[in-house]
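Protein sequence lines correspond, in order, to chains A and B. Residue numbering for the first sequence follows this note's numbering, beginning at 1 and increasing consecutively. Residue numbering for the second sequence follows this note's numbering, beginning at 349 and increasing consecutively. The next block holds one structure in the form of structure tokens; read it before the comments.
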Amino acid sequence: MHNSHGGPASTDAVIEVEGLAKSYRVFDKPEGLRASLKALVHRPSRVVEALKGVSLTVGRGEFVALLGPNGAGKTTFLKLLSGIITPSRGTARVLGHVPWERADDFRRRFALVMGQRNQLWWDLPAAESFRLHREIYRIEPARFERTRDELVDLLGVRKLVLQPVRDLSLGERMKLELVAALLHEPEVLFLDEPTIGLDVVAQHALHRFLAHVQAERKMTIVLTTHYMKDVAALCRRAIVITGGSILYDGSLDQIVDRFTTHKIVTLDLDEAPDREEFARLGFPCEIRGPQVTLRIDRQRIADVLPEILRGRQVRDVSVEDVPLEEIVAELFRSGGTAAPREPAGAGA
Amino acid sequence: MSRAVTTPRFPGLRAWFTMLVICLEERLAYRGDFILGTAMRFLPIVTQVFLWTAVFAATTRTDIAGYSRTDIVAYYLLTMVTRAFSSMPGLSGGIARSVRDGSIKKYLVQPVDYVSFLLAARIAHKLVYYVVAVVPFAAVFFLCRGYFPSAPDAATIAAFLLALLLSFLLGFFLEATLGMLGFWFLEVSSIIFAYMLVQYLLSGHMFPLDMLAGVPTGLAGVSVADVVRWLPFEYTAYFPAAVWLGKIRGAELARALAIEAGWVVAMAVACRVAWWRGTRRYSAFGG
């Protein structure tokens, strides 16, 4: 299989994807006995397009977030890049290999971590799984020990490697999964919902760890997630997928820039204000005790703010962007119909 | 960044051996389960001994299809040994389950050969079983020593051991291939059940297959036993036992060993093809 645009791949591009599409045939299970009997003869099915022609390039050392609602095609995309599934159309190259040819040479150079699956042996201590990885990935013993020690110390899980995996908490297990996935020093790491089900402390620890190893090793990471916190903490580049297509591909800051028309202004007053008085300003506003929150058009904020402050006893005032979660949730809901704002000139 | 890859001699073999050791450790985590399972295996044999004692008591014949009462009991005890090599509890079901629940993905992503892994896991499974089972087996054979008047000669014992080893491989590849049908069918338990039924009848697990020698197939001079000889089933129970009892000798023995080896190769190839085609299908349709 050849890359459709031919020519030698750029040395910096680690992942090159062109028109990648994947459809599945799904069988509907009709309700009721009569329908079930009918289904014995003819099973009604339909084709679902999980991914509809995605093209993108990821350079070496990039940390990319794949965002999207459930069923958007994020996991399908990662499965294609890891060679678990073959596409219906399109081409992909990861580290110069066609992933679904599953060459050992390719498989020794990347890793896939899925939040809900385990690669570790359930009834044995993680140390045993690590040892097996040393052999199947052919890691030189001295290097193996060094990498393992470094990783377990970074995550603070040295004491856990000798306990059977089944006795560990979800967060502890996830940390050890990551160690196992990184032992062979993959050049590319795919993470599918790595923090799903984890508490805030565990999420935070994982983020710090990922940020650290990524910077240290110049690893290329693609992460799918629901949690905006994952993204904001780690990735410069975010790709928003909905309904199998890319809706947005760019920096996180620009998502805020392009897709928001408002800023959030919060005032802390001395005492609960007169509701009417704020309603008259004509902006959506919310009043909780002495705290007032207003959504104000970005372009008008410089004019409006002095007017609001004038003649009031204000203890504190803050002007913030709409939270990323909200913007992305709005993007998901609209499925791309949310009109992007013209790129803002003002460095807000 | 330089790659952390070394090339020791036989890296694949080393990896496989590590797999074997780790599978052994994992099996040992389930010791308790085994002890009960082993004890249960001895129950059916007791009923068989009673059944055949009654059969011989009701007849004036001293042998049935060339088996005396002593031979019959010895035969059942020996098939128990053979089954300890050739039966693969949980193998097909386990493969089908890992296809269904998606844990098979691990073997697509990692540079590991799934069939080699399964083989390592099964050898480990068997080794642990033998360690646990050797005591009750020894006890039963000691108590039943009267049914084994004399040990066969060294050549027969060698043929018996070879037949046993091949029966392990045959059972493994047969059931692994069955399990891989899970790539095509969501539920393979009914297929496995049908297989078990046929296998129970035609393997000699139920009765010595010499008893089929007199059953005509309708074709002139061809008995059911002649047909069964060319199928893989009897090599997973009857054949090694019959070898030990001296029922098959000389050229006939050599031919039977060749058929058994042929089936091992055929099923190993079938297993590979099923894996290869199955994963292609899995990649194309599901994942």
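Quick reminder that beta carbons are idealized off the backbone N, C-alpha and C, glycines included.
Opening and closing residue of the beta strand (DSSP E) in which residue i lies
i	result
residue 52 of chain A	45–59
residue 278 of chain A	Element bounds for residue 278 of chain A: not the beta strand (DSSP E) but the alpha helix (DSSP H), 275–279.
residue 498 of chain B	Taken as a continuous stretch (DSSP letters only), residue 498 of chain B belongs to no beta strand (DSSP E), as it is neither H nor E.
residue 223 of chain A	220–225
residue 266 of chain A	262–269
residue 393 of chain B	Counting along the chain, residue 393 of chain B falls outside any beta strand (DSSP E), though it belongs to the alpha helix (DSSP H) covering 391–405.
residue 63 of chain A	63–67
Unbroken alpha helix (DSSP H) run spanning residue i, endpoints
i	result
residue 291 of chain A	Here residue 291 of chain A belongs to no alpha helix (DSSP H); instead the beta strand (DSSP E) covers 291–297.
residue 514 of chain B	502–528
residue 465 of chain B	462–491
residue 442 of chain B	439–448
residue 619 of chain B	598–633
residue 435 of chain B	Careful: residue 435 of chain B lies outside any alpha helix (DSSP H) and carries neither H nor E.
residue 371 of chain B	359–376
residue 174 of chain A	170–182
residue 74 of chain A	74–81
residue 454 of chain B	454–457
residue 146 of chain A	141–155
residue 548 of chain B	537–550
residue 533 of chain B	No alpha helix (DSSP H) holds residue 533 of chain B; DSSP gives it neither H nor E.
residue 187 of chain A	Here residue 187 of chain A belongs to no alpha helix (DSSP H), and DSSP marks it neither H nor E.
residue 563 of chain B	Premise fails: residue 563 of chain B is in no alpha helix (DSSP H) and is neither H nor E.
Within chain A, the residues that residue i reaches when beta carbons sit closer than 9 Å
i	result
residue 633 of chain B	24, 25, 85
residue 407 of chain B	What residue 407 of chain B touches in chain A: nothing, since even the nearest Cβ is about 50 Å away.
residue 374 of chain B	121, 122, 123, 124, 128
residue 486 of chain B	Per Cβ cutoff of 9 Å: no residues; residue 486 of chain B is ~29 Å from chain A at best.
residue 377 of chain B	123, 124, 164
residue 451 of chain B	117, 118
Beta-carbon separation (whole angstroms), residue i vs residue j, contact threshold 8 Å
i	j	result
residue 64 of chain A	residue 285 of chain A	Their Cβ separation, rounded to whole angstroms, is 38 Å, which puts residue 64 of chain A and residue 285 of chain A out of contact at 8 Å.
residue 67 of chain A	residue 240 of chain A	5 Å
residue 95 of chain A	residue 213 of chain A	Contact doesn't hold; Cβ gap of about 18 Å is too wide.
residue 172 of chain A	residue 157 of chain A	6 Å
residue 202 of chain A	residue 133 of chain A	Going by Cβ atoms, the distance from residue 202 of chain A to residue 133 of chain A rounds to 23 Å, so no, they are not a contact pair.
residue 388 of chain B	residue 523 of chain B	About 20 Å; that fails the 8 Å criterion.
residue 518 of chain B	residue 612 of chain B	5 Å
residue 193 of chain A	residue 224 of chain A	6 Å
residue 21 of chain A	residue 87 of chain A	6 Å
residue 561 of chain B	residue 413 of chain B	7 Å
residue 552 of chain B	residue 395 of chain B	About 17 Å separates the two Cβ atoms, so there is no contact after all.
Chain A residues whose Cβ lies nearer than 8 Å to that of residue i
i	result
residue 359 of chain B	135, 138
residue 622 of chain B	The contacting residues do not exist; residue 622 of chain B stays about 17 Å from chain A at best.
Per-residue contacts from residue i into chain A (C-beta, under 7 Å)
i	result
residue 362 of chain B	135
Under 8 Å by beta carbon: chain B residues contacting residue i
i	result
residue 131 of chain A	366, 370
Neighbour flag for residue i against chain E, beta carbons, 8 Å
i	result
residue 599 of chain B	Any reference to chain E falls outside this structure, whose protein chains are A and B.
Next on the checklist: Would the region 547–559 of chain B count as touching the region 571–580 of chain B if we require 3 or more Cβ pairs under 8 Å?
Outcome noted: yes
Checklist entry - At a Cβ cut of 8 Å, what residues of the region 161–184 of chain A count as close to chain B, listed as they run along the chain? => result 164, 184
Checklist entry - Name the residues in the region 64–83 of chain A whose C-beta lies less than 7 Å from a C-beta of chain B; which are they? => result 79, 82, 83
Checklist entry - Relative to chain A, which residues along the region 454–476 of chain B have a C-beta separation below 7 Å, given in chain order? => result 454, 456, 457, 458, 459, 460
Checklist entry - Is the region 72–91 of chain A touching the region 101–114 of chain A in the sense that three or more CB pairs, one from each, lie closer than 8 Å? => result By the Cβ criterion, the region 101–114 of chain A is in contact with the region 72–91 of chain A, since at least three pairs of Cβ atoms, one from each stretch, lie closer than 8 Å.
Item to check | Within 7 Å of chain B by C-beta, residues of the region 84–116 of chain A in sequence order | outcome: 84, 85, 86, 100, 102, 104, 107, 108, 112
Next on the checklist: I want to know whether the region 436–448 of chain B touches the region 527–541 of chain B - three or more CB-CB distances under 8 Å.
Outcome noted: yes
Checklist entry - Should the region 308–323 of chain A be called in touch with the region 255–268 of chain A, which here means at least 3 C-beta pairs below 8 Å? => result Yes, since at least three Cβ pairs between the region 308–323 of chain A and the region 255–268 of chain A fall closer than 8 Å, the two stretches touch.
Next on the checklist: I want to know whether the region 275–283 of chain A touches the region 242–249 of chain A - three or more CB-CB distances under 8 Å.
Outcome noted: no
Checklist entry - Three or more beta-carbon pairs under 8 Å between the region 366–381 of chain B and the region 467–477 of chain B, yes or no? => result yes
Checklist entry - On the three-pair Cβ rule with 8 Å, is the region 39–48 of chain A touching the region 16–30 of chain A? => result yes
Checklist entry - Looking at C-beta atoms only, is the number of pairs between the region 530–548 of chain B and the region 458–470 of chain B that lie closer than 8 Å three or more? => result no
Item to check | Contact between the region 294–313 of chain A and the region 265–276 of chain A (3+ Cβ pairs under 8 Å) | outcome: Yes: at least three Cβ pairs fall under 8 Å.
Checklist entry - Can at least three beta-carbon pairs, one atom from the region 497–507 of chain B and one from the region 406–414 of chain B, be found at a separation below 8 Å? => result No, they do not touch.
Checklist entry - Is it true that the region 420–440 of chain B meets the region 590–598 of chain B, where meeting means three or more beta-carbon pairs spaced less than 8 Å apart? => result yes
Item to check | Touching by the beta-carbon criterion (3+ pairs, under 8 Å), the region 69–79 of chain A and the region 47–61 of chain A | outcome: The region 69–79 of chain A and the region 47–61 of chain A touch, with no fewer than 3 CB-CB distances between them shorter than 8 Å.
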